[in-house]
Every structure is written in structure tokens, then in C-alpha cells.
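Everything in the sequence shown is counted per the numbering used here, starting at 1072 for the first residue and increasing by one.
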Amino acid sequence: MSYSSTYSAYGVFINPGFSTGALIVLSLIAGTALLMWLGEQITNKGIGNGISIIIFIGIIASLPSAVITIYNLLFTVEGFSTTGLLISLGMIIGAIILVAGVVFVQEAERKVPVQYAKKVVGRKMYGGQNTHIPLKLAMAGVIPVIFASSFMTFPAMIIQMFNANIATQTGFWATIYKFSIATSTSNVGIGYTIANAIIYLLLILGFTYFYTYATFNPAEVSNNIKKNGGFIPGIRAGKPTTEYLSAIISKLTLFGGLFLSLIAILPMLMRFTGFNLAFGGTSILIVVGVALETVQQLESRLVMRHYKGFLE
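Set out below in C-alpha cells:
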């Protein structure tokens, strides 16, 4: 078998034997185990979540290629390009606005006020305090985008397992394959990409609602508030409180899901403009989320160290 028939265009074996498949599986298992061990070491001896930091570093490793792209726009064969300067400024300003928007949505929250009635137990008075329930705007985080992306690419993976040359064929399964891979490539045509983007958006919205209501139960929160003698000002305890929290969560989830959909679809649409973004939508959300989490943990460590030094 010749070299061209053994390897695909991406350096992957098309018809691997048993020994080759076993070697690939063992290599993936060994690499995963090594990364998990390194992540645990970072978590135990460093700041932040180790696995998240490793993923963060893997994503930002593509920054040099983005810098090279901007440099090539500024300095062409003919010399300094004014058009390239305007395009580069637009890309940089757009990236700053995009990151700022992600930070705003990640940190934004709706504070629902809760008051607790005063009660006397013996000679002491308890309760009577005012607090709030923080409801995140993007409560689901990046999970819906990951679920939707996996759901969209799963058919292509299964089809290619049974037909390695499906990309060059026509027919029903070839159409399904091209529709499935439109999330990660623009070589399938604008029609497939638009259809994929619409289904992708609906899936992200659906997974956002599913994950949000799976992690936050308005009825349970309402019952806990009622058991502790609390109430939301202007809202009766019990079912009205549950309906009030459900309405708030529904609105927050809709806005958060639309924002996640926009971030995820933007790189797909940018491919037709001739510019390839260094980061995808999921990558931007992961980078910003890990950076914010690491900064928060660093600030908490500094506060703990400050108080410890003060007490000693």
C-alpha cells in the first residue's frame, strides 16, 4: 500500500491495522493520564484548577499565529499596508469588545432580595436579616456549547467510521456528513453552514435551558426560603415565589443562551469574510472563564494570607 493511500490529508490512518489502532489507543490513554496527573499537581500545589489551566494554555498557544497574521496584514511584499492597518485595528478592537462582552455576561448576575422574619427563641432574637439570591446571567457556562458541538459532530464521526471516503461522495449520507462537519469547516458550502448554524443555535438554547433547570430548581429554593422563615418582598411565599423565580430564570436563560449562540456561531460566519479567527467561540468562553476563576482564587488567597498575617 502506498503512502498516499495509507494516510489521509490530515495525517490520520485511513485503513489502520490492529497494531496501529492499539498503538493509537494506548498513546491517547497515556497522554490523558499524564495530563490528568499534571492537572492534579497544579491543583494541589498551585492556584486554580489544574485541568482548566492546561486547557487554557493549550488555547492561548495559538496567539503567536494570530500575531503573525496581523504582521502579514501590516507588512506585505509591497511594504507597509494602510488597508492592512485598518483591518488589523478592526480585528483587535473586535476582539477586545468580544472579550469584554464575555466577561460582562460571565460576571453579570440578578440579585433577588430575600428578607427573613424575626423570631425569639428563649431570650435571643434570630433572623430579621436582609440577603439576596445571586442568579448568574450565564448560569450554564460553556457546557451548552460543548454539548451542542458534540451533538452536531457525532453523525460525521459515525458515518466516517463506516465510509472513510464519504467526503468525496454524493447522496443522502454525504449530505448528512457535510451538514455535520459545517461546524468546524467552511469547505462544504454556505448553504450547509447556514443550516448548521441555525440547528446549532437551537441546540445551544435547548441545552442552556436543560442544564440551567437541572442545576437550579425554583421550587426547591422557594421551599428552603419558606422553611427558614424568609420571603421575597412583594411576593407571597410558596407557589407565587416559585413562579416568580421561574420567570426570572427563564428570562436570564434566554438572554444567556442567545449570547452563547452568538459567540459560538460568530467564528462560523467569519470564515466567509476571509478571516480565520485564532479562537473559536468555545475557546473564548473557556479562556475568559478560567482567567476569571483563577483571579478570584488568587484574590481569596491574598485575603486569607492578609488576615492570617494580621492575626499572627
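Note that beta-carbon positions come from the ideal geometry of N, C-alpha and C, so glycine has one too.
Boundaries of the alpha helix (DSSP H) in which residue i is found, first to last residue
i: V1138; result: L1134 to L1145
i: V1173; result: T1153 to E1178
i: T1241; result: Run containing T1241: none; DSSP gives neither H nor E here.
i: G1110; result: F1089 to K1116
i: V1216; result: I1214 to F1233
i: L1329; result: K1310 to M1341
i: G1121; result: G1121 to I1131
DSSP three-state assignment for residue i, whether helix, strand or coil
i: Y1074; result: Note on Y1074: pLDDT 41, under 50, position unreliable in the model; the coordinate value appears next. In this structure, Y1074 counts as helix in the three-state DSSP scheme.
i: T1202; result: strand
i: F1287; result: coil
i: P1184; result: strand
i: F1084; result: Legend: pLDDT at F1084 = 49, less than 50; position of this residue unreliable, value from coordinates given subsequently. It is a strand residue.
i: S1371; result: helix
i: G1150; result: strand
i: G1305; result: coil
i: K1298; result: helix
Closer than 7 Å: residue i CB and nearest the ligand MG heavy atom
i: S1317; result: In the structure shown, the ligand MG is absent, as is every other ligand, since no ligand is present at all.
Cutoff 8 Å; reference residue i; Cβ partners in own chain excluding five residues on either side
i: S1029; result: Absent from the model: residue 1029. The displayed extent of the chain is 1072 to 1383, so no value can be given.
i: P1304; result: P1184 and Q1186
i: S1152; result: L1144, L1145 and F1146
i: V1361; result: G1119, N1120, S1123, I1124, I1126 and F1127
i: L1106; result: I1122 and I1125
i: V1374; result: none
Residues near residue i by beta carbon distance below 7 Å, same chain, minus five either side
i: P1289; result: T1313, L1316, S1317 and I1320
i: Y1271; result: A1219, M1223, T1254, A1335 and I1336
i: Y1205; result: Per the sequence presented here, residue 1205 reads as Pro, with Tyr not at that position. Around P1205: E1180 and K1182.
i: I1237; result: I1230, Q1231, W1244, A1245 and Y1248
i: L1169; result: I1355
i: G1155; result: L1144, L1145 and T1147
i: T1114; result: N1120 and G1121
Candidates the options, of which the one nearest residue i by Cα
i: G1161; options: A1093, L1144, A1308 and I1269; result: L1144
i: F1127; options: L1094, A1104, G1110 and K1116; result: G1110
i: A1188; options: I1100, N1299, Y1284 and G1309; result: N1299
i: T1140; options: S1159, L1331, A1132 and V1148; result: S1159
i: T1324; options: G1277, I1355 and K1116; result: G1277
i: T1307; options: Q1186, L1134 and A1245; result: The sequence given here places Arg at residue 1307; Thr does not occur at that position. With distances taken between Cα atoms, R1307 lies closest to Q1186.
i: G1327; options: K1310, Q1112 and V1216; result: V1216
i: E1364; options: G1121, Q1112, L1331 and A1132; result: G1121
i: G1212; options: A1245, E1178 and I1252; result: E1178
i: F1175; options: M1210, T1154 and S1251; result: M1210
i: V1138; options: E1149, I1163, T1239 and G1119; result: I1163
i: A1285; options: I1214, L1333 and L1331; result: I1214
i: L1384; options: L1169, Y1142 and V1170; result: Past the boundaries of the shown model lies residue 1384; the chain is included only from 1072 to 1383, so the question cannot be answered.
i: A1166; options: L1356, R1376 and V1374; result: L1356
i: A1132; options: V1358, M1375 and R1376; result: V1358
i: I1275; options: G1301, S1221 and F1225; result: S1221
i: I1269; options: K1297, K1322 and L1333; result: L1333
i: K1207; options: E1149, Q1240 and F1287; result: F1287
i: M1339; options: A1266, F1302, F1225 and G1150; result: A1266
i: V1173; options: L1331, V1292 and H1203; result: L1331
i: G1309; options: S1293, G1102 and K1116; result: S1293
Spatial neighbours of residue i in its chain, beta-carbon cut-off 6 Å, leaving aside the 5 residues before and after
i: T1147; result: none
i: N1201; result: Q1186
i: Y1280; result: T1324
i: I1252; result: A1227
i: P1311; result: none
> Does the count of Cβ pairs from the segment 1366–1374 and the segment 1214–1233 closer than 8 Å reach three?
Replying inline: No, the segment 1366–1374 is not in contact with the segment 1214–1233.
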